[in-house]
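Counting in this note's numbering, the sequence shown runs from 7 upward without gaps.
Cβ coordinates follow ideal geometry from the N, Cα and C atoms, glycine included.
Working notes for the structure below.
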Amino acid sequence: MPSSGVLAFPGQACVRGIDLGAKFAREKFGLDIEIVHADTQSRPENGRIAAESLIRQGCTVLIGAWDSGATISALQACEAAKVPMVVHIASATQVTSQGFTQVFRYYPTSLTIVRQSLAELKSVLGTLKDPPSSAVVLHLNNTMGQSTAASIDQAWKEVDVPLKIAQHVAYDEKAKDLSVEVAKAKASGADALISVTRVNDAIMIARECIKQGWDPKMVFSPNSNGVSDKAYHDALGKYGDGPVLSALWLNPKGAETDKIMKMFAADYPNDWFDANAGCAFEAVQIVADAVTRGRLRRSPRRFTARSRRPT
7 MPSSGVLAFP
17 GQACVRGIDL
27 GAKFAREKFG
37 LDIEIVHADT
47 QSRPENGRIA
57 AESLIRQGCT
67 VLIGAWDSGA
77 TISALQACEA
87 AKVPMVVHIA
97 SATQVTSQGF
107 TQVFRYYPTS
117 LTIVRQSLAE
127 LKSVLGTLKD
137 PPSSAVVLHL
147 NNTMGQSTAA
157 SIDQAWKEVD
167 VPLKIAQHVA
177 YDEKAKDLSV
187 EVAKAKASGA
197 DALISVTRVN
207 DAIMIARECI
217 KQGWDPKMVF
227 SPNSNGVSDK
237 AYHDALGKYG
247 DGPVLSALWL
257 NPKGAETDKI
267 MKMFAADYPN
277 DWFDANAGCA
287 FEAVQIVADA
297 VTRGRLRRSP
307 RRFTARSRRP
317 T
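Written out as structure tokens, the structure is:
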């Protein structure tokens, strides 16, 4: 996970989800799962380096890597070593379109998420008395951002969103200042902002909108991170209110949701069980379930006798 660098906030949330997931899986599946963490330092090229290190340490399955670029990089090491990798968060289409045989992704592709998000956007627009008439797309220029921007263009036509896209404005995920990009978005004349962000840049965009006096009628973020992060609300307070986020979230009516939430609150009272932690948590359950099924297929008696063996 990217536990340091520009993606540290969501990466650390994923670490919490992984650790809680292992704790929960021990109770549910009777498995002692040894967790070894590796930090990609928010650099896509470090995905392979981190994966190779974990494999050398004897890890038999990997979970990661949050960032699509780092995930694709890590999958190269997994492919070479024939070690499976469960992709808990990474929406770029390339993750499962490049012929990797060791990848197991349950997180939807950017096109799947964006298509559903835009259908929801269209529904919301139909309820407004004074809806926006055009939109500017402000997005990251990395693997995820470019994939999502392309998905927006494709799904926009498919869904027939009643807004004209005035302009696309891309920016670097390591940018320290987005004043120029926000000024371009404002100058486009659009009265709606479609933002594809992560938490640091989402905070910068909100602050720049305030500085520049730009108050679009709607801020809508499909397949995005940032607005859902505790760090976003801690940094902006009341100025963080308003944006609409369309992304994955936990099922509050799930059979085990209440128990999981209470376990998380006990271990991490000052943090949120957000989508980052939730998807990481779920990945551990998928691995534990797969191990349990595999052992039962080989020999129920052997599984019973060795159910506490580290996996």
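- Taking a contact as a CB-CB distance under 8 angstroms, the pair proline 228 and serine 123 counts as one, their CB atoms being some 4 angstroms apart.
- In the structure shown, proline 90 adopts coil according to DSSP, grouped into three states.
- The continuous alpha helix (DSSP H) containing glutamine 18 extends over residues 14-35.
- Proximity to tryptophan 255 across Met7, Ala237 and Ser230 peaks at Ser230, based on C-alpha coordinates.
- The beta carbon of arginine 121 is closer than 7 angstroms to those of Ala161, Glu164 and Val165 in its chain, skipping five residues each way along the sequence.
- DSSP places lysine 192 within a helical segment (H, G or I) once states are collapsed to three.
- Judged by DSSP in its simplified three-state form, serine 234 adopts coil rather than helix or strand.
- One thing to note: alanine 281 has its Cβ within 8 angstroms of the Cβ of alanine 253.
- Taken through DSSP and simplified to helix, strand or coil, histidine 145 comes out as strand.
- A Cβ-Cβ distance of about 20 angstroms is found for the pair alanine 198 and leucine 242, leaving them out of contact under the 8 angstroms criterion.
- Between the beta-carbon of valine 225 and that of histidine 145 there is about 13 angstroms, and that puts the pair past the 8 angstroms contact cut.
- In the structure shown, serine 123 adopts helical secondary structure according to DSSP, grouped into three states.
- Less than 8 angstroms divides the Cβ of tryptophan 72 from the Cβ of alanine 96.
- Fully contained in the region 42-116 are the following alpha helix (DSSP H) runs of length 4 or more, in chain order: 52-62 and 74-87.
- Judged by DSSP in its simplified three-state form, leucine 242 adopts helix.
- Look at methionine 269 here: in three-state DSSP terms it is helix.
- With fewer than three CB-CB distances shorter than 8 angstroms, the region 58-67 does not count as touching the region 182-199.
- In the structure shown, glutamine 152 falls within a helical segment according to DSSP collapsed to helix, strand and coil.
- The Cβ atoms of arginine 54 and alanine 80 lie closer than 8 angstroms to each other.
- A distance below 8 angstroms separates the beta carbons of valine 188 and cysteine 215.
- Excluding five sequence positions before and after threonine 263, the CB atoms of its chain that fall closer than 8 angstroms to its own CB belong to Leu256 and Asn257, given in chain order.
- Residue burial is scored here from C-beta neighbours: glutamate 179 has at least 16 other C-beta atoms within 10 angstroms and is therefore classed as buried.
- For alanine 176, the enclosing beta strand (DSSP E) has its first and last residue at 170-177.
- Across the structure, proline 8 and glycine 132 are spaced so that their CA atoms are roughly 39 angstroms apart.
- Note on threonine 107: under 16 other CB atoms within 10 angstroms of its CB, so exposed under the neighbour-count rule.
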